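To start, the structure itself, in C-alpha cells.
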C-alpha cells in the first residue's frame, strides 16, 4: 500500500509541538504515564517520544490486522514498486484508446471492460516486473554501499608526494 493520506489515518493523534501543554498532559495521563506537573512542554514531549511508537498506528493497518491481514507499505515516491500502478496504467490506456464519445456512461463501460481484461496472467506479469525492479534496486544499493566503503581521497593542494 502506498502512503496516500487516506491510507495513513492514525488510530489516534500523537502530541506534537503544536499541542498546548495541558493537551499533552491529558494525553500522557490517558496513557497512565507518570510525570511531574512542573515539567516544561519540551520535557513532556520527551515523555511522549518514549511511548509514542506503541500508539503510532494506522487505522487501516489495525483494521486489517483484526482480519488476519498484514499491510505492506511502499517506501514514499516508489510507485514503480507497486503493481497496482502498472495495472492502472493499462486500464487508463485502454479507456483512452477506445473512448470516442467522451460520455461518462461510455467511459464507465470502458472502465469495466478494461478491468475485465486484466486477468490473473497480467497481474502476475506486473508483479514479476515489480519484483525484478526491486531486485535491481537492491543490487544498485549494494553497489553504492561498496563504492562508499571503497572511496578514496585525492589531495588537491597542488603538492605532490611523488619524488622526481
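Numbering (the working numbering), first residue to last: 418 to 581.
Every residue gets a Cβ at the ideal spot worked out from N, C-alpha and C, and that includes glycine.
Since this is a predicted model, take the numbers as computed values, not measurements.
>> I'd like the list of long-range same chain contacts for residue 448, defined as Cβ closer than 8 Å, with 5 residues on each side in sequence excluded.
In response: The residue you call residue 448 lines up with position 31 of the chain shown. Excluding positions up to five away in sequence, the list reads 468, 472.
>> How far does the alpha helix (DSSP H) with residue 548 in it extend, from its first residue to its last?
In response: Here residue 548 refers to the residue found at position 131 when the chain shown is read from its first residue. That run of the alpha helix (DSSP H) goes 537-566.
> From which residue to which residue does the alpha helix (DSSP H) around residue 446 run?
Replying inline: Along the chain shown, one-based indexing puts residue 446 at 29. Its alpha helix (DSSP H) spans residues 438-447.
>> Does residue 531 pass the burial test, meaning 16 or more other C-beta atoms within 10 Å, or should it be called exposed?
In response: The sequence position of residue 531 within the chain shown is 114, counting from 1. Residue 531 comes out buried.
> Going by Cα to Cα distance, which pick from 528, 478, 453 is closest to residue 505?
Replying inline: As a first step, residue 505 is located in the chain shown; it is residue number 88 there, counting from the start. Residue 505 has its Cα closest to that of 528, out of 528, 478, 453.
> What's the C-alpha gap between residue 446 and residue 461?
Replying inline: The residue given as residue 446 occupies position 29 in the chain shown. The residue given as residue 461 occupies position 44 in the chain shown. Distance between the alpha carbons of residue 446 and residue 461: 11 Å.
> Should residue 555 be labelled buried (16 or more other beta-carbon atoms within 10 Å of its own) or exposed?
Replying inline: Stepping through the chain shown from its first residue, residue 555 is reached at position 138. Under this definition residue 555 is an exposed residue.
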